Amino acid sequence: MTPSLFPSSSPAAAGVVVADRCSKWYGHVLGVSDVSWTLRGGIVGLLGPNGAGKSTLIKMMAGLLQPSRGTLAVYGQSPFHDTAVRRRIGYAPEHEQTWDELTARELVTAMARLAGVPAGKADATARAALDQVGMTSAMDRKVREFSKGMRQRTKLATAIAHDPDFLLLDEPLTGVDPMARIDIVARIKQLGEAGKTVVVSSHVLYEIEALTSDILVIYRGQVLAEGNVYEIRQLIDRHPHRIRVECDQPHALAGALAAEDHVARLSFERGAVVIETRDPDRCYDQIAGAVLGAGLAVTALSSPDNNLGAVFEYLTGDGGRR
Amino acid sequence: MSAGQIHDLGYKRYVGSRRAVSTRWTVIMRHQIATAWAGWWRFKVWLVAAFLVTAVSSVLLYTLGNRLFRGIGGFGGVLTRFVDGILPDSTIWYCKAGFIVSLAISATVVAGDLQSGAFTFYFSRSMRPRDYVLGKLAGLGVMVALVMAAGPLVLAAVRVGLSDSLDQAIAMLPTLYKALAVGALGTVLYTAIPLGFSALLTNRRHAMAVWAAYYLLVGWLALLLSWLTTPELAALDLASALHAVSLHLFGLHALGRMPEPSTSAAVIAILGHAAIAIGLVVWRVRRAQQTGVGGAS
Amino acid sequence: MTAPIMAVPGSGGDRAVPPTSAMIRTLAGVTLKRLVRGKALWIATVLAALPVVLATVLHAIGRTASQSELFAPTMLLFAVLPALLVGASVGEEIEDRTSTYLWSRPIARWAVLAGKLLALTPIVVALSVGGWAIASAFATGTPSVASYAGLAAGAVACSLVVAGIAVVVPRHGMALTIAYMLVDLFVGGLPFSVQQLSLTYQTRTLAGLDGAPAIAAPLIGLAVIAGVWTAIGLRRIRRIEV
Chain X
402 MTPSLFPSSS
412 PAAAGVVVAD
422 RCSKWYGHVL
432 GVSDVSWTLR
442 GGIVGLLGPN
452 GAGKSTLIKM
462 MAGLLQPSRG
472 TLAVYGQSPF
482 HDTAVRRRIG
492 YAPEHEQTWD
502 ELTARELVTA
512 MARLAGVPAG
522 KADATARAAL
532 DQVGMTSAMD
542 RKVREFSKGM
552 RQRTKLATAI
562 AHDPDFLLLD
572 EPLTGVDPMA
582 RIDIVARIKQ
592 LGEAGKTVVV
602 SSHVLYEIEA
612 LTSDILVIYR
622 GQVLAEGNVY
632 EIRQLIDRHP
642 HRIRVECDQP
652 HALAGALAAE
662 DHVARLSFER
672 GAVVIETRDP
682 DRCYDQIAGA
692 VLGAGLAVTA
702 LSSPDNNLGA
712 VFEYLTGDGG
722 RR
Chain F
8 MSAGQIHDLG
18 YKRYVGSRRA
28 VSTRWTVIMR
38 HQIATAWAGW
48 WRFKVWLVAA
58 FLVTAVSSVL
68 LYTLGNRLFR
78 GIGGFGGVLT
88 RFVDGILPDS
98 TIWYCKAGFI
108 VSLAISATVV
118 AGDLQSGAFT
128 FYFSRSMRPR
138 DYVLGKLAGL
148 GVMVALVMAA
158 GPLVLAAVRV
168 GLSDSLDQAI
178 AMLPTLYKAL
188 AVGALGTVLY
198 TAIPLGFSAL
208 LTNRRHAMAV
218 WAAYYLLVGW
228 LALLLSWLTT
238 PELAALDLAS
248 ALHAVSLHLF
258 GLHALGRMPE
268 PSTSAAVIAI
278 LGHAAIAIGL
288 VVWRVRRAQQ
298 TGVGGAS
Chain R
20 MTAPIMAVPG
30 SGGDRAVPPT
40 SAMIRTLAGV
50 TLKRLVRGKA
60 LWIATVLAAL
70 PVVLATVLHA
80 IGRTASQSEL
90 FAPTMLLFAV
100 LPALLVGASV
110 GEEIEDRTST
120 YLWSRPIARW
130 AVLAGKLLAL
140 TPIVVALSVG
150 GWAIASAFAT
160 GTPSVASYAG
170 LAAGAVACSL
180 VVAGIAVVVP
190 RHGMALTIAY
200 MLVDLFVGGL
210 PFSVQQLSLT
220 YQTRTLAGLD
230 GAPAIAAPLI
240 GLAVIAGVWT
250 AIGLRRIRRI
260 EV
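Line by line, the protein sequences are chains X, F and R. In case it helps, our numbering puts the first sequence at residues 402 to 723. In case it helps, our numbering puts the second sequence at residues 8 to 304. In case it helps, our numbering puts the third sequence at residues 20 to 261.
Okay, here's the thing in structure tokens:
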């Protein structure tokens with residue numbers, strides 16, 4: 402057995418994944434560069450444009466690639482070298498190729514057995530997993546007959562069948578129709594609620610946004626940001642936060658806020674004022690005060706850039722410079 | 008219904024010059040050449056093997072044709088005849104390299120495109136089946152010719168260049184077109200026939216195996232049966248057929264008891280195989296286009 | 020509709036990694052199932068029947084062929100059958116990246132190769148020996164036990180060699196395997212001691228077709244050739260990244 406990469410008493414051992422100055426090259430092409438990151442649990446969205454290094458990082462966590470430099474440990478072990486730790490990992494790759502000659506049930510049963518489920522329980526396990534991803538009616542059809550969405554569900558079933566603690570889902574929603582997408586998102590959320598650690602990669606922001614607010618942004622092989630999306634948004638001070646207030650007297654509200662030093666810009670839309678501020682907490686307080694003081698009738702209040710899309714754009718917009 | 012209108016969605020239709028439809032096969036040809044050239048194991052290593060055959064044969068031609076060597080050896084005429092046999096006999100070795108090249112680049116083409124769904128890309132553009140077939144044949148032909156035709160041509164040039172006198176060199180000039188003829192026939196053999204096998208099956212590995220089995224096993228069976236029945240049957244062993252054409256063009260015959268088909272039987276066998284193979288490719292590509300793998304009709 | 024998440028039957032403390040032998044058996048079963056449902060097995064069966072076709076034709080025209088002559092196409096089959104069955108299976112798994120499913124499981128990589136060989140080698144042996152037995156029965160009468168043993172040992176060794184090549188060069192493994200076997204046939208036919216490196220030569224010797232049958236030397240020869248390629252394959256498979 403491969404010795405643990407971290408002593409059990411070290412803080413690093415507490416993480417599900419601990420990457421320490423981890424880099425991966427494909428010849429001269431850089432996949433991941435000098436990534437140091439600790440994943441302690443929950444659902445994490447792995448975000449980044451195409452070619453950013455998301456799949457490389459996921460494959461290293463799944464034990465398919467080994468770091469060219471640095472270390473990456475899953476539950477304290479190297480997943481590339483340690484066979485046993487892979488028992489706790491469930492991986493759904495991004496590509497569609499599977500053993501197409503098999504039926505979905507045969508495929509998931511085989512995968513469950515190879516993941517260590519006893520032969521006597523493997524079939525029931527596979528049925529349960531396929532049932533969970535909504536493939537009950539198609540489980541005895543051959544995979545080669547499946548649509549892209551059905552393949553995605555089957556891949557998800559192969560990943561969850563052996564009840565892993567740590568799930569790696571590489572672009573699990575690609576090619577899935579909207580109804581199935583809602584269903585799969587709900588399943589992944591349930592897995593997170595059940596105490597599983599889930600890493601979901603995507604370059605489609607609203608997919609991740611529907612799943613979690615914890616993100617890791619990869620850009621050009623490097624970690625650009627990590628943590629809660631709203632906290633990250635707070636840290637981006639170069640871009641003022643936008644607050645849109647729909648009310649009956651937008652100009653009066655603007656007048657009350659115009660002299661404040663944290664207000665960078667005021668603009669008007671039909672029946673609304675958009676405030677750009679460098680201190681959103683103070684601004685919200687002052688909006689509340691102005692509304693109460695002037696007796697304004699507010700119909701809507703929103704923060705159009707306090708979401709994942711805006712954060713991602715801010716982070717990657719200028720080549721990742723903040 | 009309102010009058011037709013175009014909404015400007017920011018898309019600008021390409022208005023530059025377009026390649027004539029009649030020359031679009033050259034795009035496929037160039038792509039095929041680029042694909043075959045990429046990597047080391049697909050083509051380059053076998054080209055090196057063919058180069059080695061040419062180099063070794065050239066050294067033999069030079070050494071055995073050298074006057075001094077002939078004088079020391081004292082075999083004069085015998086050695087001269089041996090030298091004349093080097094070029095046609097090298098066909099056997101070029102055939103081996105050509106066969107492996109055909110396995111690696113020709114026998115997988117159509118099956119590979121079917122497997123990967125590439126026909127969708129071809130026929131969603133203004134591409135016709137004939138453009139595909141012509142482009143693939145030309146692209147593969149260029150690559151195979153580098154192995155099957157370039158080597159014999161170089162050898163023929165060496166043979167002419169090593170002549171004792173200008174008169175002899177002029178007399179030897181037909182060697183060039185004979186080598187070219189053998190090279191062309193070999194190119195047809197290792198381009199069109201494996202391409203036909205690639206159209207026979209929809210899995211590229213299966214296509215490769217069936218082509219190998221046909222070439223090696225059916226060829227061997229034909230050779231054995233021809234030995235027991237009629238020599239013309241040996242023309243079904245494609246390598247033997249090409250070797251026989253090569254020998255006959257240079258006025259030589261095979262040594263030993265090897266069955267040897269006539270030139271016409273050998274040429275008919277190779278060209279007949281090639282014609283059937285091209286027919287198969289055309290059928291498969293049209294079928295792919297009409298059954299919705301492609302879009303255009 | 021989203022159903023409540025349910026306990027997966029396979030869970031509940033089954034955290035121990037099962038024995039590798041069970042994994043190998045599972046992989047062998049899957050490999051066989053895939054083979055039977057694909058075309059490769061049927062193509063291989065047709066190819067293995069080619070010596071039988073030859074024997075039938077010879078029988079029909081009232082000619083007989085020697086055991087040695089009949090053995091030659093069987094040797095040529097060595098260039099195709101293992102490549103089609105073993106080489107394609109191993110190569111496809113790596114090239115099509117379905118190996119990502121296997122290598123993210125708690126299974127040693129060598130076990131993947133072992134599972135495939137366990138399923139496919141007996142088929143290569145059965146097709147080679149079966150074709151030879153039927154063809155011989157038609158053309159020359161009952162072949163010797165040594166010829167069966169030689170062919171079987173040769174088929175096993177050839178499967179191991181092909182598996183090694185397929186792991187090293189998955190995309191071009193088939194063409195390289197056939198090229199390797201052609202070189203092997205050539206080397207085996209040379210009248211020099213270098214022929215000892217030839218798998219087909221050792222097979223012929225073990226089968227007793229090149230004179231008096233020998234057992235120890237050709238068996239060791241086959242084991243060494245197969246061992247070298249297996250070692251290369253195992254070394255490479257440990258490092259493959261997909």
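Beta carbons are placed, not taken as given, at the ideal position from N, Cα and C, and that holds for glycine. Given the structure is predicted, the values throughout are model-derived calculations rather than measurements.
Residue i - DSSP class collapsed to helix/strand/coil
i	result
X:Lys425	strand
F:Ser253	helix
X:Phe669	strand
X:Ala453	coil
R:Gln221	helix
R:Ile244	helix
F:Pro238	helix
F:Tyr21	coil
R:Ala231	coil
F:Phe58	helix
X:Arg679	coil
F:His213	helix
R:Ile256	helix
X:Lys556	helix
X:Arg645	strand
X:Glu546	helix
X:Gln650	coil
Option nearest residue i by Cα separation, candidates the options
i	options	result
X:Ile688	X:Asp662, X:Ala657, X:Ile583 and X:Gly622	X:Ala657
F:Ser247	F:Leu141, F:Leu231, F:Leu147 and F:Val55	F:Leu231
R:Arg190	F:Gly190, F:Arg211 and F:Leu162	F:Arg211
X:Asp571	X:Thr510, X:Met461, X:Glu502 and X:Ala516	X:Met461
R:Leu139	R:Ala242, R:Ala59, R:Ala41 and R:Thr224	R:Ala59
R:Lys135	R:Ala154, R:Pro162, R:Pro101 and R:Ala233	R:Pro101
F:Leu254	F:Thr194, F:Met215, F:Thr98 and F:Leu228	F:Thr98
R:Val36	X:Gly446, X:Asp615 and X:Leu515	X:Leu515
R:His78	F:Ile275, F:Glu239, F:Ile285 and F:Leu235	F:Leu235
F:Leu228	R:Ile234, R:Ala68 and R:Ala182	R:Ala68
X:Lys543	X:Arg643, X:Ile676, X:Leu503 and X:Ala474	X:Leu503
Buried/exposed call for residue i, threshold 16 Cβ in 10 Å
i	result
R:Phe90	buried
F:Ile177	exposed
F:Phe106	buried
F:Ser113	buried
F:Ala62	exposed
X:Trp500	buried
F:Gly46	exposed
F:Gln296	buried
R:Leu204	buried
F:Tyr21	exposed
F:Leu207	buried
Partners in chain F for residue i, counting only beta-carbon separations shorter than 8 Å
i	result
R:Leu209	Per Cβ cutoff of 8 Å: no residues; R:Leu209 is ~15 Å from chain F at best.
First and last residue of the uninterrupted alpha helix (DSSP H) at residue i
i	result
X:Val436	Run containing X:Val436: none in the alpha helix (DSSP H); it sits in the beta strand (DSSP E), Val430 to Leu440.
F:Ala295	Thr270 to Gln297
F:Thr194	Pro181 to Leu207
R:Tyr199	Gly192 to Gly207
X:Leu697	Looking at the DSSP string, X:Leu697 is not in any alpha helix (DSSP H), and its letter there is neither H nor E.
Element boundaries [beta strand (DSSP E), containing residue i]
i	result
X:Thr472	Arg470 to Val475
R:Ser147	Note, R:Ser147: premise wrong, no beta strand (DSSP E); alpha helix (DSSP H) at Arg128 to Ala158.
Proximal residues of chain R, C-beta to C-beta of residue i below 7 Å
i	result
F:Trp48	Val188, His191 and Leu195
Residues that residue i contacts on chain X, provided the C-beta gap is smaller than 8 Å
i	result
R:Thr119	Lys460, Ala463, Leu465, Tyr492, Pro494 and His496
R:Ala127	Thr484
Beta-carbon neighbours of residue i, restricted to chain R and to distances below 8 Å
i	result
X:Arg426	The question names Arg, yet the displayed sequence has Trp at residue 426 of chain X. What X:Trp426 touches in chain R: nothing, since even the nearest Cβ is about 11 Å away.
Under 7 Å from the C-beta of residue i: neighbouring residues of chain F
i	result
R:Leu201	Lys103
Contacts of residue i in chain R (Cβ-Cβ under 9 Å)
i	result
X:Thr559	Tyr120
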